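Participant: Chains as they are written, first to last, in our numbering: chain A, -11 to 114; chain B, 774 to 1009.
Backbone N, C-alpha and C define an ideal beta-carbon position, used for all residues, glycine too.
Just so we're clear, the structure is a prediction, and the values are computed from it rather than from any experiment.
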């Protein structure tokens, strides 16, 4: 399973990539913002983990753009962000995010959410 | 005089304006028949000294008000200099320091992560060599190291908090500069432009509510919202 990890913080990308490796996912591609993510996205990517607040293109804008692409409609997206206001979470899910993690998170939470995503939870795009 | 209260200054100015109004009214009242007035003045010059006396007092009040206004302008110039100092120097310095702190924490976080990765590799080596003896201890150690790595999320969160503080300071700087421009538009035109362009789009890459606190409670809110929305979508 190939992962795309998007975060403007190199530290956060390393934490997420290491956490993924810990639970057995070693194939990861990284991007620093939504624009770069759209550029490096390929159809073989199985799960996307994205931050919200990033320069260039935010995570939510990235997900909206991704869902417009024929090859990006079905790929599961996990938002990992500091934003935890209810309206923000609603906005993210409406944009096409499948599940949501609030920073700081534990590796257990990450594993739990990835397991849920891979069990086939569909995205809500409105 | 420069330290005269604004209320006194206002009172003096109003008094001066009232005297000017009175004098103008007197002049206006007589101007409709200036020739006749002039003739009367020639025949009976007695009202003239009274008007001159009145205008003399107006002149004195005006001179007094002028001195007060000049004093007030001096105070405003001093205020402008203080504002310039605060807006251009202190706030910029604070902003630079915040950026420095942000950069320093990023470097520190990278170094710590390097160390943790090396330690994890060592634990893995240890696990291979003593698989039968210390498996539980090694597993605990590995778990602990990953927990430490998870703690490094503070870097991203504090970075966003610093970015927020920086944007607040930049906003304050812009406001102070705007006030200062009221006093001296030429001196602050360029600085105001710099302040306005320096913060454009900054809000997009930080969360002003970023926090390391109550992560579990906030995650529970997120889980509830996602669950509710997923259920609603399935029912549709």
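#1: Please state whether the Cβ-Cβ distance between residue 117 of chain A and residue 42 of chain A is less than 8 Å.
#2: What's the C-alpha gap between residue 923 of chain B and residue 94 of chain A?
#3: At what residue ranges does the segment 42 to 99 of chain A contain a whole run of the alpha helix (DSSP H), taking only runs of 4 or more?
#4: For residue 53 of chain A, which option in A/74, A/21, A/34 and A/78 has the closest C-alpha, if you only look at C-alpha atoms?
#5: Rounded to the nearest angstrom, what separates residue 893 of chain B and residue 984 of chain B at their Cα positions?
#6: Using only CA atoms, which one of A/92, A/74 and A/90 lies nearest to residue 1002 of chain B?
#7: Answer with buried or exposed for residue 88 of chain A, where buried requires no fewer than 16 other C-beta atoms within 10 angstroms of its C-beta.
#8: Please classify residue 983 of chain B: does DSSP put it in a helix, a strand, or coil?
#9: Under 8 Å, Cβ to Cβ, is there at least one residue of chain A near residue 872 of chain B?
#10: Just checking my contact of residue 741 of chain B with residue 70 of chain A at CB under 8 Å: how many whole Å lie between their CB atoms?
#11: Quick check on the DSSP output: the alpha helix (DSSP H) that includes residue 907 of chain B runs from which residue to which?
#12: Is any heavy atom in the ligand SAH found nearer than 7 Å to the beta carbon of residue 846 of chain B?
#13: Going straight from the alpha carbon of residue 64 of chain A to that of residue 16 of chain A, what length do you get?
#14: Against chain B, with Cβ distances strictly below 8 Å, would residue -4 of chain A count as a contact?
#15: If you measure beta-carbon to beta-carbon, which residues of the segment 927 to 953 of chain B are closer than 8 Å to chain A?
#16: What residue ranges within the segment 878 to 958 of chain B form continuous alpha helix (DSSP H) runs of no fewer than 4 residues, ordered along the chain?
#17: Between residue 39 of chain A and residue -6 of chain A, how many whole angstroms is the CB-CB distance? I'm expecting something under 8 Å.
#18: For residue 37 of chain A, does the count of other Cβ atoms within 10 angstroms reach 16, so buried, or fall short, so exposed?
#19: For residue 10 of chain A, return the contacting residues in chain B, with the cut-off set at a CB-CB distance below 7 Å.
#20: Please go through the same chain and pick out, in chain order, the residues whose beta-carbon is closer than 6 Å to the beta-carbon of residue 32 of chain A, but skip the five residues on each side of it.
#21: Going by Cα to Cα distance, which pick from A/66, A/29 and A/10 is closest to residue 995 of chain B?
Facilitator: This is what the structure gives:
#1: Outside the displayed span of chain A (-11 to 114) sits residue 117 of chain A, for which this structure offers no information.
#2: 6 Å
#3: 47 to 56 and 74 to 83
#4: Selected option, being the one with the closest Cα: A/21.
#5: Each residue's Cα considered, the two are about 28 Å apart.
#6: Comparing Cα positions, the closest option is A/74.
#7: buried
#8: coil
#9: With 8 Å as the cut-off, residue 872 of chain B does not count as an interface residue toward chain A.
#10: The structure shown does not extend to residue 741 of chain B, since chain B spans only 774 to 1009, so no value can be given for it.
#11: Per DSSP, residue 907 of chain B belongs to no alpha helix (DSSP H) and is neither H nor E.
#12: Summarising the ligand content, the structure contains no ligands, and the ligand SAH is consequently not present.
#13: 15 Å
#14: When Cβ-Cβ separations below 8 Å define contact, residue -4 of chain A makes contact with chain B.
#15: 927, 928, 929, 930, 932 and 933
#16: 908 to 924 and 927 to 956
#17: At roughly 6 Å, the Cβ-Cβ gap stays under 8 Å, so residue 39 of chain A and residue -6 of chain A are in contact.
#18: buried
#19: 919
#20: -10
#21: A/66
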